[in-house]
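Chemist: Next up is a structure, given as structure tokens.
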Amino acid sequence: PLLPGPLAEAVSGVHHLLESVVVSAALNTGFHLPPVIADVCSPRLSFDLRLEHARAYVGPRVALAGDAAHTIHPMAGQGLNLGIYDVKALASLLEKGVAVGQDLGSATFLSSYQSSRQAANLAMIGSLDALHRLYQPRDGPVRWLRNVGLGTLNGLGPVKAEIIRYAMGLSAEAPLKVHAQTDIATK
């Protein structure tokens with residue numbers, strides 16, 4: 001058997017329960033299962049993850065956030081973090097605008113979102129791009145300088161801890177403080 005006895009019984013029980021729910025839903029509400037995908041009609045597509053940054057985040061009745069505004073090399077999930085910061089900043093601005101009756105779609109109103117997020121994003125994107133480029137050479141003086149520099153940074157506990165806090169959104173200087181400050185090991 002693929003699963004031990006009790007686990008197999010539990011899986012079978014869940015399967016029967018789900019089957020009953022689906023049948024009941026189909027009979028009572030006209031529920032329809034989605035069509036089965038039998039074949040893929042086009043080739044797989046992909047795109048390179050590379051640094052891109054919009055010149056403007058806002059225009060009349062539009063605001064770009066997350067990957068629509070910027071993309072970076074997928075390093076430590078910072079692209080996702082930047083997108084979350086964008087959404088939080090935009091939501092906060094919109095909430096304040098609603099409270100005072102602003103035209104939420106005006107480019108003038110949205111410009112404060114652009115100025116705050118664009119500056120913070122460019123700082124993080126630039127740092128991550130520099131790190132990405134720093135790790136590309138495998139040999140020679142760049143590798144040696146990288147190892148010496150990062151070794152030195154590793155020995156500077158408080159500086160290293162602040163960089164980590166900033167990247168995690170915990171620092172007072174982070175684009176948006178998303179959590180209460182916590183202690184980070186500075187080994």
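Residue numbers for the sequence shown follow our numbering, so the first one is 1 and each next one is one higher.
The beta carbon of each residue, even a glycine, is placed where N, CA and C say it ideally should be.
Just so you know, these numbers come straight off a predicted model, no measurement behind them.
1) Could you tell me whether the region 99-111 touches the region 47-63, where touching means 3 or more Cβ pairs closer than 8 Å?
2) With Asp146 as the anchor, note down where its alpha helix (DSSP H) starts and where it stops.
3) Check the DSSP bridge columns for Thr71 and list the partner residues they point to.
4) Just the C-alpha distance for Ser106 and Ala63, rounded to the nearest angstrom, thanks.
5) Indicate whether Arg117 and Asp86 have their beta-carbon atoms separated by less than 9 Å.
6) Start and end of the alpha helix (DSSP H) containing Gln118?
7) Where does Ile125 land, buried or exposed, given buried means 16+ other C-beta within 10 angstroms?
8) Whole angstroms is fine: what's the gap from Thr71's alpha carbon to Pro35's?
Modeler: Taking the definition as stated:
1) Touching, per the Cβ criterion.
2) Residue mapping note: residue 146 aligns to position 146 of the sequence shown, counting from 1. Just to set this straight, residue 146 is Arg in the shown sequence, not Asp. Arg146: member of the alpha helix (DSSP H) spanning 140-155, first to last residue.
3) Translated into positions along the sequence shown, residue 71 becomes position 71. Residue pairing by DSSP places Thr71 opposite Glu52 in a beta bridge.
4) On the sequence shown, position 106 is the one that residue 106 refers to. On the sequence shown, position 63 is the one that residue 63 refers to. Near 10 Å, if we compare the C-alpha coordinates of Ala63 and Ser106.
5) The count along the sequence shown starts at 1 and reaches residue 117 at position 117. The count along the sequence shown starts at 1 and reaches residue 86 at position 86. Between Arg117 and Asp86, the C-beta gap is smaller than 9 Å, which places the two residues in contact.
6) By one-based count along the sequence shown, residue 118 stands at place 118. For Gln118, the enclosing alpha helix (DSSP H) starts and ends at 107-134.
7) The residue you call residue 125 lines up with position 125 of the sequence shown. Of the other Cβ atoms in all chains shown, 16 or more fall within 10 Å of the Cβ of Ile125; this residue is therefore buried.
8) Here residue 71 corresponds to residue number 71 of the sequence shown, with the count starting at 1. Here residue 35 corresponds to residue number 35 of the sequence shown, with the count starting at 1. The alpha-carbon atoms of Thr71 and Pro35 are separated by roughly 34 Å.
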